[in-house]
Amino acid sequence: GSKAKVYHPYVLLKTYEVLCDIEVINVTDDDGNTDIRDLLKKTYMSNDADSPSWLSLADEVKGTEYAVKKLAINNTQLFSKPALEDQEGKQTRLIEIETIPFLIATQISEDKIRLLNGDSISLPIKEFDIREARIIHENIIRVHAWPFEKVKKESVLSFYLKGPHYLALLNTNNQLEIEGLRSNMTIAWNETLGVIQTYDKGNNDESCD
Numbered sequence: 052g053s054k055a056k057v058y059h060p061y062v063l064l065k066t067y068e069v070l071c072d073i074e075v076i077n078v079t080d081d082d083g084n085t086d087i088r089d090l091l092k093k094t095y096m097s098n099d100a101d102s103p104s105w106l107s108l109a110d111e112v113k114g115t116e117y118a119v120k121k122l123a124i125n126n127t128q129l130f131s132k133p134a135l136e137d138q139e140g141k142q143t144r145l146i147e148i149e150t151i152p153f154l155i156a157t158q159i160s161e162d163k164i165r166l167l168n169g170d171s172i173s174l175p176i177k178e179f180d181i182r183e184a185r186i187i188h189e190n191i192i193r194v195h196a197w198p199f200e201k202v203k204k205e206s207v208l209s210f211y212l213k214g215p216h217y218l219a220l221l222n223t224n225n226q227l228e229i230e231g232l233r234s235n236m237t238i239a240w241n242e243t244l245g246v247i248q249t250y251d252k253g254n255n256d257e258s259c260d
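Here our numbering is used: the sequence shown runs in plain steps of one and ends on residue 260.
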């Protein structure tokens with residue numbers, strides 16, 4: 052399900068196994084003792100009782116942990132690193148969930164776009180302007196791409212943003228309007244939390260990001 056977009060399937064399976072027979076979890080007692088650390092340890096611990104398919108998933112987790120450590124070491128060796136492809140986010144972090152640039156406008160009209168920080172971009176864009184280019188890139192937020200599968204991945208700002216991106220309009224209720232968004236998905240902007248994506252699964256709303 053949607054949880055597997057955030058947590059590895061092995062971790063979800065082990066979490067279910069560890070918690071299914073537990074009725075009470077001691078978060079902390081008067082002496083500061085807690086069950087949490089032990090539960091977390093069990094969640095990531097493979098054992099002989101695991102099926103071959105589970106053990107295969109456990110190997111994937113170990114492989115990812117090794118890759119994270121290796122990437123961290125390589126990133127400290129600046130002078131031995133090969134040149135990277137000119138693509139934002141390439142080899143900078145290990146992440147399986149695709150992210151995409153996201154911009155929020157408070158006003159979109161025929162002659163200008165006013166972005167979230169209050170700066171404006173004149174329309175139509177006919178030639179390169181370094182000031183406007185900086186404004187656009189200062190306003191970029193990276194969000195998970197999967198909720199926006201049916202959304203057009205370009206905008207009037209494509210002159211400056213050559214790759215896929217999204218442009219949303221902030222309305223008076225702090226909701227973000229974006230054409231093509233899934234009918235069961237709502238997006239809002241919060242000054243403290245940032246972009247809030249809510250996925251309606253039916254009876255319950257579940258925050259996705």
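We treat Cβ as the ideally placed atom computed from N, Cα and C, and that holds for glycine. Quantities reported herein were computed from a predicted structural model and do not represent experimental measurements.
Counting C-beta pairs closer than 8 Å gives fewer than three between the region 177-191 and the region 221-241, which falls short of the contact rule. Remark: C-beta atoms of I192 and V246 approach each other more closely than 7 Å. V202 and L232 do touch by the CB rule: their CB atoms are close to 6 Å apart, below 8 Å. Looking from the CA of K163, the closest CA among M236, T249, L220 belongs to L220. For T94, the enclosing alpha helix (DSSP H) stretches over residues 87-94. Here K93 has K65, V69 as same chain residues with Cβ atoms under 8 Å from its own Cβ, once five neighbours each way along the sequence are excluded. Closest in C-alpha terms to E189, from the list I73, Y95, F153, comes F153. Under the DSSP assignment, I186 falls in the alpha helix (DSSP H) whose first and last residues are 181-189. A straight-line Cα-Cα distance of about 24 Å links N77 and Y58.
Under the 10 Å beta carbon count, Y217 is surrounded by 16 or more other beta carbons and is classified as buried. If you compare the alpha carbons of D72, N225, T249 with that of S234, the shortest gap goes to T249. Going by DSSP, K65 is part of the alpha helix (DSSP H) stretching over 60-70. Taking I187 as reference, the option from E74, T223, S171, N225 with the minimal CA-CA separation is S171.
The beta carbon of I87 lies closer than 7 Å to those of V78 in the same chain, with the five residues before and after it left out.
The residue among E149, M236, G83, S173 with its C-alpha nearest the C-alpha of Y211 is S173. Where S173 is concerned, the enclosing beta strand (DSSP E) starts and stops at 171-173. Around the beta carbon of P198, 16 or more other beta carbons sit within 10 angstroms, so the residue counts as buried.
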